[in-house]
Amino acid sequence: HWQYGWLAIADASSWLANERIMASAERLEAARTILQEHGHYDWLTGRGAFAILNNGIEFAATYFIMLLSLFFTGGGRYLSMDYWIARRHNLLR
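Residue numbers (my numbering): 170 to 262.
So, in structure tokens, the structure goes:
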């Protein structure tokens, strides 16, 4: 993911946009034009707009930070597996 930059979803208006993302804006506009002429554009975009994924590190970094948080703080008293194992074997006082 690193070679594609930070953004996971291509957004040409972002200050983090690289050349790859700027080029994707032209492709997205061409796809919209084609779909508006030859497809059911209103039906296709009825639940959201089209987006081009950039495959950047944004989501991977976010998930890694969440993993680190769980690793160091645990799942909490009632959500952690060690709590339920100890409870099952009557190890809790």
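Ideal placement from N, C-alpha and C gives every residue a C-beta, glycine not left out.
Please read these numbers as outputs of a predicted model, since none were measured by experiment.
Cut-off 7 Å between Cβ atoms - residues of its own chain near residue i, not counting five sequence neighbours on either side
| i | result |
| --- | --- |
| Y173 | R189, N223, N224 and G225 |
| Y252 | R246 |
Residue environment, residue i, which counts as buried when at least 16 other CB atoms sit within 10 Å
| i | result |
| --- | --- |
| S193 | buried |
Beta-carbon contacts of residue i that lie in its chain and below 8 Å, excluding the five residues immediately before and after
| i | result |
| --- | --- |
| D180 | A186 and I190 |
| R201 | Y210 and F219 |
| W171 | I226 |
| M250 | G244 |
Beta-carbon proximity list for residue i, same chain, < 6 Å, skipping 5 on both sides
| i | result |
| --- | --- |
| R204 | For the sequence presented, residue 204 should be read as Leu rather than Arg. Excluding residues within five positions, the ones whose Cβ falls inside 6 Å are Y210. |
| I221 | A179, S193 and L197 |
For residue i: DSSP bridge partner residues
| i | result |
| --- | --- |
| I178 | L222 |
task = Specify whether the region 175–183 and the region 227–242 touch according to this definition: at least 3 beta carbon pairs, one from each stretch, less than 8 Å apart.
result = Yes, the region 175–183 touches the region 227–242.
request  = Counting only runs of 4+ residues fully inside the region 185–238, write out the alpha helix (DSSP H) ranges in chain order.
outcome  = 188–207 and 210–213
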